[in-house]
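Counting from 1, position 350 in the sequence shown corresponds to residue 350 in our numbering; the numbering is continuous, with no gaps. Ideal Cβ positions, reconstructed from N, Cα and C, are used throughout, including at glycine. The structure presented is a predicted model; accordingly, all values stated were derived computationally and were not measured.
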Amino acid sequence: MTPAGQLLTIGSVALVCGCIALLVSAYRATGDLLTPWTMFLGMALIDIYLPAALFFSVGLDLPPWLSEVARDVTFQALLLFTAAALFFAAGYAMAHRGAKPSYVALIPSHKRTILLAFGVAAIFFWSIGGEVIAAGGLRTYLSERLVNRFAHPEGQSGLASFLLAIRGSLVPILFVLAGVAFDNRRVKPVSGFGLPILAAAAAATLLVRGAFLSLLFGLAVVERSRLHDLEAAGASGAAEHAHRINNRILGVCALAIAMFISYGTIRNYFTQEAYSGRATIAQASAVELGRFVRGEGFVGLLGVIDAYPRDVPFMNGRTIRDMLLLPVPRALWPAKPAWYGIDDITRSMGWPASTMSAVTMPGELYANFSFWGLPLMGLYGWFFGRAHCYRFHPLFRYIYAFVIVPMMLPTFWMAFTGFVNQLVPIPLMLVALWFVFPDARLERRLTAPAIAVP
């Protein structure tokens, strides 16, 4: 290893230790294991700094489309990401200044929750069943979905595309309703556990492993909000129980990560089989674990800094402007591009169109504005910090649990493209919450059975 490599390795290890220290400090300050800040730190640790520490000491299997000289910009990549992280931290901290809102929980309508959940599930599974029949069977349907899951369907009318977008919001609505039921499982245990199972079944059909993470993380955050209600109501032993429940939340996080890796391995197996007709579990596992070891974000950041502006000119905000038009349905804009956002960044570099490659939040800002774009990380930090301030709001808590906290993962990898995509279902989720909380404006306190400590 060269002296420069040794220096970078030592610096990366120091940054790993710094992330761990900040994670411990954040937990001690709030008692929350899952927040946008802890998620950001965890991703920085696992996906950037740890792979950087292994880059020169162990060596990483870089993808074939990445330039051979990408390793020459490693120091620049670490410097850029660390500066971006500082801007994010500053924005996150500023969002908390003077913000100490206090709320009490509300009582949902059990009948409305069940009615809406089964109605949404019926529409969703009916549409999936129709696609399976149209494809000629489940095997053909799965093969086509696995091979083309990132491709925009061709030949669709604007109305068909609009209906497809609506269907994409049905699973997030089920997540929110599952969270409402789970939050009140002390009163209605059957629906409290039944609706999360129904939501998990719907998530499995998406063939997107992040859906399971969103569901499990969301349920864990909802449980933390319930414990806050206990403390606010002055329930005996609530504070002690809140501390103990974090052990269960850690278990849920471990389960979510295990499912994330396992589901990705299974999907890799069937994808390889669909492409080549041959696949092995060993090969599928190696592909999945290789992504974690080398760090998809780290690889993407290296690629962006290596290519811009040497091979590709800076985009001057194009990917961000285009993503602001995402909510406009194709029914109103027939000429809407089939792909845009960070796809512009990766495809301009010659990376394959058959996958979604990570560029990271600072990577996108750099590809657009060079180093001058890094202060915009403060806006990301302010948004997530402000959302954290309102995490115990009686209705917003469910949006926070199932959108804001999990969205840090796609936002970290896919930048503004992932950020905007996660925001799209929020209006329909709010409508669902308005429906199941008919007396939301009254802010009625929970009854004693609903907040009883087990």
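> What are the boundary residues of the alpha helix (DSSP H) that includes Gly11?
Replying inline: Locating residue 11 in the sequence shown gives position 11, where the first residue counts as 1. Counting along the chain, the alpha helix (DSSP H) containing Gly11 begins and ends at 3 to 30.
> What is the C-beta distance between Thr417 and Ile342, in whole angstroms, given that I count them as a contact (C-beta under 8 Å)?
Replying inline: Numbered from 1 along the sequence shown, position 417 holds the residue referred to as residue 417. Numbered from 1 along the sequence shown, position 342 holds the residue referred to as residue 342. The beta carbons of Thr417 and Ile342 sit about 5 Å from each other, so the pair counts as a contact at 8 Å.
> If you run the structure through DSSP and keep just helix, strand and coil, what is Val328?
Replying inline: Residue numbering aside, residue 328 sits at position 328 when the sequence shown is read from its first letter. Here Val328 sits in coil by DSSP.
> Could you check where the alpha helix (DSSP H) with Ile399 kicks off and where it finishes?
Replying inline: The count along the sequence shown starts at 1 and reaches residue 399 at position 399. First-last of the alpha helix (DSSP H) with Ile399: 396 to 399.
>> Classify Gly381: buried if its beta carbon has 16 or more other beta carbons within 10 angstroms, exposed otherwise.
In response: Stepping through the sequence shown from its first residue, residue 381 is reached at position 381. Burial state of Gly381 is buried, judged by a 10 Å Cβ sphere holding 16 or more other Cβ atoms.
> In the structure shown, what three-state DSSP assignment does Leu34 receive?
Replying inline: On the sequence shown, position 34 is the one that residue 34 refers to. In the structure shown, Leu34 adopts coil according to DSSP, grouped into three states.
>> Just to confirm, is the Cβ distance from Pro362 to Ala84 under 8 Å?
In response: On the sequence shown, position 362 is the one that residue 362 refers to. On the sequence shown, position 84 is the one that residue 84 refers to. Contact: yes.
> Does the region 396 to 415 come close enough to the region 214 to 222 that 3 or more CB-CB pairs lie under 8 Å?
Replying inline: Contact annotation: the region 214 to 222 touches the region 396 to 415, with at least three C-beta pairs closer than 8 Å.
> Counting along the chain, where does the alpha helix (DSSP H) carrying Val221 start and finish?
Replying inline: Taking the first residue of the sequence shown as position 1, residue 221 is located at position 221. In this chain, the alpha helix (DSSP H) harbouring Val221 covers 210 to 232.
>> I believe Phe314 touches Asn368 by the beta-carbon criterion, under 8 Å. Please report the beta-carbon distance rounded to the nearest angstrom.
In response: Working through the sequence shown from its first residue, we reach residue 314 at position 314. Working through the sequence shown from its first residue, we reach residue 368 at position 368. The pair is a contact, with the Cβ atoms about 6 Å apart (cut-off 8 Å).
>> Alpha carbons only, please: which of Ile20, Gly136, Asp32 is nearest the one belonging to Leu50?
In response: Within the sequence shown, the letter at position 50 stands for residue 50. If we check each option's Cα against that of Leu50, Ile20 comes out closest.
> Is DSSP giving Pro438 helix, strand or coil here?
Replying inline: Residue numbering aside, residue 438 sits at position 438 when the sequence shown is read from its first letter. Residue state, collapsed to three classes: coil.
> Under three-state DSSP, which class holds Thr140?
Replying inline: Translated into positions along the sequence shown, residue 140 becomes position 140. Here DSSP, grouped into helix, strand and coil, assigns Thr140 to helix.
> Alpha carbon to alpha carbon, how far is Gly11 from Ala307?
Replying inline: In the sequence shown, the residue the question calls residue 11 occupies position 11. In the sequence shown, the residue the question calls residue 307 occupies position 307. For Gly11 and Ala307, the distance between alpha carbons rounds to 24 Å.
> Phe369 by DSSP, collapsed to three states: which one?
Replying inline: The sequence position of residue 369 within the sequence shown is 369, counting from 1. Of the three classes helix, strand and coil, the one that applies to Phe369 here is helix, per DSSP.
> In this structure, does DSSP put Pro410 in helix, strand or coil?
Replying inline: By 1-based counting over the sequence shown, the position of residue 410 is 410. The answer is helix: DSSP assigns Pro410 an H, G or I state.
> Does DSSP put Trp126 in a helix, a strand or coil?
Replying inline: In the sequence shown, the residue the question calls residue 126 occupies position 126. Note: Trp126 maps to helix in three-state DSSP.
> If you count every other CB in all the chains shown that lies within 10 Å of the CB of Gly295, and 16 or more means buried, which is it?
Replying inline: The residue you call residue 295 lines up with position 295 of the sequence shown. Buried, because 16 or more other Cβ atoms sit within 10 Å of the Cβ of Gly295.
> If Leu195 sits next to Ala178, beta carbons under 8 Å apart, how far is it from one beta carbon to the other, in whole angstroms?
Replying inline: One-based indexing of the sequence shown puts residue 195 at position 195. One-based indexing of the sequence shown puts residue 178 at position 178. So it is a contact: roughly 4 Å between Cβ atoms.
> Would you call the CB atoms of Val435 and Arg112 closer than 8 Å?
Replying inline: Start at 1 with the first residue of the sequence shown, and residue 435 comes out as number 435. Start at 1 with the first residue of the sequence shown, and residue 112 comes out as number 112. It should be noted that the sequence gives Phe, not Val, for residue 435. In this structure, the beta-carbon distance from Phe435 to Arg112 falls below 8 Å.
> Just the Cα atoms here: how many angstroms apart are Ile426 and Asp344?
Replying inline: For this step, residue 426 is matched to residue 426 along the sequence shown. For this step, residue 344 is matched to residue 344 along the sequence shown. Straight-line Cα distance between these residues: approximately 26 Å.
>> Counting C-beta neighbours from all protein chains within 10 Å, is the total for Leu379 16 or more, i.e. buried, or is it exposed?
In response: For the purposes of this step, residue 379 is taken as residue 379 along the sequence shown, with counting starting at 1. The residue is exposed, with fewer than 16 neighbouring Cβ atoms inside 10 Å.
>> Taking 8 Å as the threshold (C-beta atoms), are Ala122 and Leu302 in contact?
In response: In the sequence shown, residue 302 corresponds to position 302, counting from 1. In the sequence shown, residue 122 corresponds to position 122, counting from 1. Result no, Cβ atoms of Leu302 and Ala122 do not sit closer than 8 Å.
> Where does Trp126 land, buried or exposed, given buried means 16+ other C-beta within 10 angstroms?
Replying inline: Along the sequence shown, one-based indexing puts residue 126 at 126. Under this definition Trp126 is an exposed residue.
> Going by the CB atoms, is the gap between Phe124 and Leu170 shorter than 8 Å?
Replying inline: Here residue 170 corresponds to residue number 170 of the sequence shown, with the count starting at 1. Here residue 124 corresponds to residue number 124 of the sequence shown, with the count starting at 1. Yes, Cβ-Cβ distance for Leu170 and Phe124 is below 8 Å.
> For the alpha helix (DSSP H) that His388 lies in, which residues bound it at each end?
Replying inline: Position 388 of the sequence shown holds residue 388. 377 to 389 is the extent of the alpha helix (DSSP H) around His388.
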